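**Q**
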Amino acid sequence: MKHETLSTILFLVFVAGTLGITFWASRHTKDATDFYAGGRSFSGVQNGLAIGGDYMSAASFLGIAGIIALSGYDGFLYSIGFLVAWLVALLLVAELMRNSGKYTMADVLAFRMSPRPVRTAAGVSTITVSIFYLLAQMVGAGALVGLLLGIKSDSGKMWTIVAVGLLMVIYVVIGGMKGTTWVQIVKAVMLMTGAALVTLLVLGKFGFNVSKLLGDAAAQSGKGGAFLNSGLKYGTEAQGIAGKIDLISLGLALVLGTAGLPHILIRFYTVPTAKDARKSVMWGIGIIGVFYLLTLVLGFGAAAIVGSKKISTANAAGNTAAPQLAEEIGRQIFGDVGGTILLAVIAAVAFATILAVVAGLTLASSSSFAHDLYAHVFKRGNVTDKEEVLVARLSAFVIGAVAIVLGILAQSLNVAFLVALAFAVAASGNLPAILYSLFWKRFNTAGAVSAIYGGLISAVVLVIFSPVVSGSKTAMFPDVDFHWFPLSNPGIVSIPLGFLFGYLGTVLSKEYNAEKYAEIEVRSLTGVGAEKAVQH
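Counting from 4, one number per residue, gives the positions in the sequence shown under my numbering.
1. Where does S311 fall in DSSP's three states?
2. Return the chain-ordered list of same chain residues with a C-beta closer than 6 Å to the C-beta of A429, the five sequence neighbours on each side being excluded.
3. Using the Cβ count rule (16 or more neighbours within 10 Å means buried), how would you classify P326?
4. Once the 5 residues before and after S311 are set aside, which same chain residues still bring their CB inside 7 Å of it?
5. Under a three-way DSSP split, which group does F79 fall into?
6. Give me, in chain order, the residues of the same chain whose beta-carbon lies closer than 6 Å to that of S455; leave out the 5 immediate sequence neighbours on both sides.
7. Taking C-alpha atoms, which residue in A395, T25, V452 and T36 lies nearest to G543?
8. How many angstroms separate the CA atom of I24 from the CA atom of T184?
9. Okay, do the region 370-383 and the region 73-85 touch, 3+ Cβ pairs below 8 Å being the bar?
10. Please state whether the Cβ-Cβ distance between T509 and G450 is less than 7 Å.
11. Could you spell out the range, first to last residue, of the alpha helix (DSSP H) harbouring R526?
12. Would you tell me roughly how many angstroms separate the C-alpha atoms of H539 and F14, rounded to the nearest one?
13. In whole angstroms, what separates the C-alpha of T442 from that of V525?
14. What residue range does the alpha helix (DSSP H) around W162 cover?
15. Are the beta-carbon atoms belonging to S252 and L490 less than 7 Å from one another?
16. Give a yes or no on contact between the region 353-362 and the region 168-184, applying the rule of three or more CB pairs nearer than 8 Å.
17. For my contact list, V175 and L366 are in at a C-beta cut-off of 8 Å; report their separation, rounded to the angstrom.
18. Please state if the CB of A350 and the CB of A97 are separated by a distance shorter than 7 Å.
19. Look at the Cβ atom of S543, then the Cβ atom of L99, and state whether they are nearer than 7 Å.
20. To which residues does DSSP link F480 through a beta bridge?
21. Could you name the residues of the same chain whose beta carbon sits closer than 6 Å to that of A329, not counting the 5 residues immediately before and after it, in chain order?
22. Name the residue from T343, S158, T387 and E391 whose alpha carbon lies nearest to the alpha carbon of I411.
23. For the region 284-357, list the alpha helix (DSSP H) runs that are entirely contained and at least 4 residues long, ordered along the chain.
24. Which same chain residues, not among the five before or five after K282, have their C-beta less than 6 Å away from its C-beta?
25. Contact defined as beta carbons within less than 8 Å: I believe A478 pairs with I134. What is the distance between those atoms, to the nearest angstrom?
26. Taking the alpha-carbon positions, what's the G179 to L137 distance?
27. Given that a residue counts as buried once 16 or more other Cβ atoms are within 10 Å of its Cβ, and exposed if not, what is P118?
28. So, is T316 buried or exposed, given that buried needs 16 or more other C-beta atoms within 10 angstroms?
29. For H539, does the three-state DSSP call read helix, strand or coil?
30. Can you tell me whether DSSP reads V422 as helix, strand or coil?
31. Quick check on A413: does DSSP put it in helix, strand or coil?
32. For L264, name the three-state secondary structure that DSSP assigns.
33. Of all the options S461, T107 and V309, which has the alpha carbon lying nearest to the alpha carbon of L216?
34. Taking a contact to mean a Cβ-Cβ separation below 7 Å, would you say T298 touches A68 in this structure?
35. Measuring straight from C-alpha to C-alpha, what distance separates T276 and W286?
36. Could you give the first and the last residue of the continuous alpha helix (DSSP H) run that contains M59?
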């Protein structure tokens, strides 16, 4: 049996199983709390697994392995950055958000400020960040199917992206948060098992000698000892000082971005208590930490066993390194049939990864549109739960369509890199407003709106005029050049701007509500009053 047939069968089995879970969840989704927050019925362990399933995206599995396989040490930064980011989320955001809000990030911001302008800004920011992140998953889907089914044509990959987009909309529209959470839990278990299996096989081949693995990776990379040192991707002589600054910019975006990601923030509302919110983040950190250690072996293993040249030939951005490694290590240890089976299993796991993450992202953005923009801005709160959920389901279709179109345009970009852009936008627009709202007594409506729009617009504008969009061979539009911003990641400029705009907007406005701040301070730190807010 060819790997195309086997992987397709395994993928269809997964899709059938998760659709079954989704339809089961739909029977238990009765109101807005069920649709947005899964009825707040998940335990800390379950939510921790779902956080892992939501966070370990196609960027983590396909993109990081690929970027390490092609760039060596410099790709390692992605693994470390994505993991360290959880400490910021744990210490500054998780428990406080759970105690303060109801369904979305905007609930926290709107509590002590004029709700309409703040909810509008937060809704726009949530949808923008989610679409950037969705873009990466769509690109990963196209690259994976191209490798699996031998599809070389752009039209074949395009239809794959369309199919993934339609599936993600089905998960959200039918299952809501309950269905999406269970899909993410199943996917987290599958991904950890698959990644651990390939890691053990790779380490076994090198006698569990990591030094020998790294030595062979350097030899097969064509870069020699430079492969194990910094400077291959960032800080090269050609890039000069801009490359070094780009590295710092990327690190800032990765470490600060997680605490501002909408699809991660809404996960904290699915647990019944603040203690469960803390517990779920601890479980999430444990699962994610182990996984990112595995990606190091997968990346260097792909360079050593497959070879950087073969990886870049299959996909210039390296997005297919992990499946190629699975096929080659399986063939070397178990023969051709073993290689076919292992490739099929890893490919099915990668598909599961993409579907689970895009479902979470679509749910976050459609929830924000329905709950923040439609219910509280357009309708001024005069809306029933049933009507609000219907709008959330309809908006999922629109967001899915936008993600599909952009995913088709961005097929030449590395998925880990695309996610880093989403992190930069989240850290620039969302994080300043969240931290100021939770910790700064003087913060007000003008500050919140200024922080969100200022950080968001500066990040997006800098990305548009960066080498990511034009002026380089791997750009979204390689045949034109209108870039003037030298960095690939805008974080080092846009994140401070977000905080600066928030500060200026606040101090230049006279609005100040000490009572509301005192109330949210008590609520965020103790949870007192949070349950009452949920009921209303």
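Every residue, glycine too, gets a C-beta built ideally from N, C-alpha and C. Small disclaimer: the values here were computed from a predicted structure and weren't measured.
**A** From the atom records:
1. helix
2. V132, G260, G263 and L264
3. buried
4. So the qualifying residues of the chain are A72, L73, Q223, S224 and G225.
5. helix
6. Checking the displayed sequence, the identity of residue 455 turns out to be Ile instead of Ser. Cβ within range, chain order: A124, S128, G432 and A436.
7. Outside the displayed span of the chain (4 to 539) sits residue 543, for which this structure offers no information.
8. 10 Å
9. no
10. yes
11. A517 to T529
12. Residue confidence for H539 is low, a pLDDT of 39 falling below 50, so the modelled location carries little weight; the figure read from the coordinates is stated next. Distance between the alpha carbons of H539 and F14: 42 Å.
13. It should be pointed out that residue 442 corresponds to Phe in this sequence rather than to Thr. In a straight line, the C-alpha of F442 is about 11 Å away from that of V525.
14. D157 to I173
15. With respect to the 7 Å criterion, S252 and L490 are classified as neighbours on the basis of their beta carbons.
16. yes
17. 5 Å
18. no
19. Any question about residue 543 goes unanswered here, given that the chain covers just 4 to 539.
20. S473
21. V201, L345, L346 and I349
22. S158
23. 311-317
24. Cβ neighbours of K282 beyond the five flanking positions: G47.
25. Actually they are not in contact, since the Cβ atoms of A478 and I134 sit about 19 Å apart, beyond 8 Å.
26. 18 Å
27. Buried, by the Cβ-count rule.
28. exposed
29. Model confidence at H539 stands at a pLDDT of 39, short of 50, so the residue's coordinates are unreliable; what they give is reported in the following sentence. Three-state result, H539: coil.
30. In the structure shown, V422 falls within a helical segment according to DSSP collapsed to helix, strand and coil.
31. coil
32. coil
33. Taking the Cα of L216 as reference, the smallest distance to any Cα among S461, T107 and V309 is reached at V309.
34. Yes, the Cβ-Cβ distance between T298 and A68 is below 7 Å.
35. 15 Å
36. No alpha helix (DSSP H) contains M59, which DSSP labels as neither H nor E.
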